[in-house]
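Trainee: Could you have a look at this structure, given as structure tokens, before my questions?
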Amino acid sequence: MADGYARATGKAGVVLVTSGPGATNAITGIATAYMDSIPMVVLSGQVASTLVGTDAFQETDMIGISRPIVKHSFMIKHPSEIPEILKKAFYLAQSGRPGPVVVDIPKDMTNPAEKFEYVFPKKAKLRSYSPAVRGHSGQIRKAVEMLLAAKRPIIYAGGGVIMGNASAQLTELAQLLNAPVTNTLMGLGCYPGTDRQFVGMLGMHGSYTANLAMHHTDVILAVGARFDDRVINGASKFCPNAKIIHIDIDPASISKTIKADVPIVGPVESVLTEMVATLKEIGETPDKASVAAWWKQIDEWRGTGDLFPYNRGDGTVIKPQAVIETLCEVTKGDAYVTSDVGQHQMFAAQYYRFNKPNRWINSGGLGTMGFGFPAAMGVKLSFPDEHVACVTGEGSIQMNIQELSTCLQYGLPVKIILLNNGVLGMVRQWQDMSYGARHSHSYMESLPDFVKLVEAYGHVGMRITDLKDLKPKMEEAFAMTDRLVFLDIQVDVSEHVYPMQIKDGSMRDMWLSKTERT
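Each residue of the sequence shown is one higher than the one before, starting from 0 at the first, in numbering that gives the first Met the number 0.
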């Protein structure tokens, strides 16, 4: 919930857990936030300070366990430290590259025997921590000049644009350059998904257009993205003719996997603002003939304009892609959409057109099943008057389905969109493609009746088995603004997510269907 709140609002989420198993149960959530650079402060209970290190009841070394997956961790050693450490914790979580911070609090620290005044500092003092506040002006000018000279530029924007509140600046720069824009899974919504210049998500399940444009580009402007393996595919074959400009607040992310020709360390909002100003100061535009030829090629790849074409079937069977298209239509593309991990996550990323930042909430780096439902709850707490939908699968939803009780208790009328194909879809897809369709432990033959289960928790459940019922039932669900509605939608089990990059290939090497590849 705290993670969903943080992703939707941009503010630090706060987690309260008890010692022992309470603390260790938070580890996956902390790692999820760390991988996606999400600001979070975790306050974990601990045994009394006099018992620390004695293997006391429910004692765990939360500092040691969490150290690899946090920006920093603190243990309170005296009650008077609480205000200063909390100030530092929130500053660390939200500044620079955001991330989780753990504060471990022995139970005698909150009920001290002595009396004293808490002094809350106005500013956090951290001698060894000073994130960049602006980019290098010389590097910024060099980047602008490189973009002006480019014949086939592309902007590759990631989640750092959203967390850095730089969507408006990115959009202005892209439109000044008339450059195509592609997003990572985490960056969807940082540039309007329905705009002409948007060529779709890139990477493992990115659009044909985006992946080909990346492969053939001559200049990449990478903003708030980290060139991870789910994007670049084979590093040695990545964009062989491209020069790379890489903007990131975290110097450790630059040239980590792909060497940058023009590295710029700084807050993306500040850097992009200066790039726009520099571009206007120079007073030049990219060569119109080159840009026109580049767009002609991109439009040929894009074809009819459908970034992710698929076989729509005979009109009765429900395709998972159609569910997401219907969700986008019913919510007018303006919902907060969370997801779990699997085929449904990729279908949601491909077929819901996000036009605003912070609307797409998913676990990208760690790939945490069970994330979507509690994240939706956190979003709904933040924005009670907005549509919030959790797109999930029958495997993921069962990991936190007990939170249906929490939703009833606190009145959180989220909408749960279950793409129920009766299997662990992405696992089955890999088994189909790589293991001769030998299906092992990817089938779900003991599923509950989700409608009855949801109704037992006091909510509304609907089952949809025919395409003609999909839109009216979904409209009915979203019309119930004061009720949690669970849509158990029976979808085609044979559908795979395409395109799909071919392992260790270049950006242009993709499966386009079960029988067709580039």
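The beta-carbon is built from N, C-alpha and C at its ideal position, and this holds for glycine as well.
Owing to the predicted nature of the structure, the values given are computational and were not obtained by experimental measurement.
Looking at C-alpha atoms only, which residue of 285, 89, 432, 23 is the closest neighbour of residue 119?
Mentor: When each option's Cα is compared against that of residue 119, the closest is 89.
Trainee: Out of 76, 28, 75, 190, which one is the CA nearest neighbour of residue 160?
Mentor: Residue 160 has its Cα closest to that of 190, out of 76, 28, 75, 190.
Trainee: Can the beta-carbon of residue 261 be found less than 8 Å from the beta-carbon of residue 168?
Mentor: The answer is no: Cβ separation not under 8 Å.
Trainee: Please state whether DSSP places residue 505 in a helix, a strand or coil.
Mentor: Residue 505: coil per DSSP, three-state reduction.
Trainee: Residue 417 bridges to which residues according to DSSP?
Mentor: Answer by DSSP bridge pairing, in chain order: 391, 487.
Trainee: Quick check on residue 494: buried or exposed, where buried means 16 or more other Cβ atoms within 10 Å of its Cβ?
Mentor: Burial call: buried.
Trainee: Assuming residue 464 and residue 428 make a contact with CB atoms under 8 Å, what is their CB distance in whole Å?
Mentor: That pair is no contact at about 22 Å.
Trainee: Taking three-plus beta-carbon pairs below 8 Å as touching, is the segment 372–379 in contact with the segment 396–406?
Mentor: Yes: at least three Cβ pairs fall under 8 Å.
Trainee: Could you have a look at residue 247 and say whether DSSP puts it in helix, strand or coil?
Mentor: The answer is strand: DSSP assigns residue 247 an E or B state.
Trainee: Considering only residues of the same chain and omitting the five flanking positions on each side of residue 26, which have a CB-CB separation below 8 Å?
Mentor: The residues are 64, 65, 68.
Trainee: Rounded C-beta distance between residue 506 and residue 214? I'm assuming under 8 Å.
Mentor: 4 Å between Cβ atoms; contact.
Trainee: Could you spell out the range, first to last residue, of the beta strand (DSSP E) harbouring residue 81?
Mentor: Unbroken run through residue 81 is the alpha helix (DSSP H), 81–93; no beta strand (DSSP E).
Trainee: Secondary structure at residue 242, three-state DSSP: helix, strand or coil?
Mentor: If DSSP states are grouped into helix, strand and coil, residue 242 belongs with the strands.
Trainee: Going by beta-carbon coordinates alone, are residue 41 and residue 11 separated by less than 8 Å?
Mentor: Going by C-beta atoms, residue 41 is not nearer than 8 Å to residue 11.
Trainee: Let me know the beta strand (DSSP E) ranges lying completely inside the segment 255–322, each 3 residues or longer, listed in chain order.
Mentor: Within the segment 255–322, the complete beta strand (DSSP E) runs of at least 3 residues are 261–264.
Trainee: With residue 253 and residue 142 assumed to form a contact (beta carbons below 8 Å), what rounded beta-carbon distance in angstroms separates them?
Mentor: With 8 Å as the limit, residue 253 and residue 142 do not qualify as a contact, their Cβ atoms being about 13 Å apart.
Trainee: In angstroms, rounded to a whole number, what distance separates the CA positions of residue 292 and residue 184?
Mentor: Cα to Cα, the separation comes out at about 28 Å.
Trainee: Can the beta-carbon of residue 223 be found closer than 8 Å to that of residue 156?
Mentor: For residue 223 and residue 156, yes; Cβs fall inside 8 Å.
Trainee: Can you give me the Cβ contacts of residue 77 inside the same chain, cut-off strictly under 8 Å, excluding the 5 residues immediately before and after it?
Mentor: The answer, listed in chain order, is 108.
Trainee: Measure the alpha-carbon distance for residue 473 versus residue 407 and round it to whole angstroms.
Mentor: The straight-line gap from Cα to Cα measures roughly 21 Å.
Trainee: Decide yes or no for the touch test of the segment 383–393 against the segment 42–51: beta carbon pairs closer than 8 Å, at least 3 of them.
Mentor: Cβ pair count under 8 Å is below three, so no.
Trainee: Determine the DSSP secondary structure at residue 198, reduced to helix, strand or coil.
Mentor: Reduced to three states, the DSSP call for residue 198 is strand.
Trainee: Between the alpha carbons of residue 3 and residue 34, how many angstroms are there, rounded?
Mentor: The alpha-carbon atoms of residue 3 and residue 34 are separated by roughly 14 Å.
Trainee: Just the Cα atoms here: how many angstroms apart are residue 113 and residue 477?
Mentor: Computed Cα separation, rounded: 54 Å.
Trainee: What residue range does the beta strand (DSSP E) around residue 354 cover?
Mentor: Element bounds for residue 354: n/a, residue is neither H nor E.
Trainee: For the beta strand (DSSP E) containing residue 535, list its first residue and its last residue.
Mentor: Since the first residue of the chain shown is 0 and the last is 517, residue 535 is not available in this structure.
Trainee: State the beta-bridge partners of residue 516 as determined by DSSP.
Mentor: Residue 516 is bridged to 510.
Trainee: Suppose the cutoff is 8 Å on Cβ atoms and the five residues either side in sequence are ignored; what does the same chain contact list for residue 451 look like?
Mentor: Same-chain partners within the cutoff: 460.
Trainee: Which two residues bound the contiguous alpha helix (DSSP H) that contains residue 63?
Mentor: Its alpha helix (DSSP H) spans residues 61–65.
Trainee: How about residue 72 and residue 130: are their beta carbons less than 8 Å apart?
Mentor: Going by C-beta atoms, residue 72 is not nearer than 8 Å to residue 130.
Trainee: Is it a yes or a no for the segment 338–356 touching the segment 195–208, going by three-plus beta-carbon pairs under 8 Å?
Mentor: Contact between the segment 338–356 and the segment 195–208 is present, because at least three Cβ pairs lie under 8 Å.
Trainee: Given 7 Å as the limit, tell me if residue 35 has its C-beta closer than that to any heavy atom belonging to the ligand NAP.
Mentor: Of ligands this structure carries none, so the ligand NAP is not represented either.
Trainee: Report the residue ranges of all beta strand (DSSP E) runs contained in full by the segment 81–160; include only those spanning at least 3 residues, in chain order.
Mentor: Runs found: 99–105, 152–156.
Trainee: Determine the closest residue to residue 247 out of 259, 290, 331, with distance taken between C-alpha atoms.
Mentor: The option with the nearest alpha carbon to residue 247 is 259.
Trainee: Closest to residue 339 by CA distance: which of 244, 353, 360 is it?
Mentor: Here the closest residue by C-alpha is 360.
Trainee: In whole angstroms, what separates the C-alpha of residue 437 from that of residue 390?
Mentor: Residue 437 and residue 390: Cα-Cα distance of roughly 27 Å.
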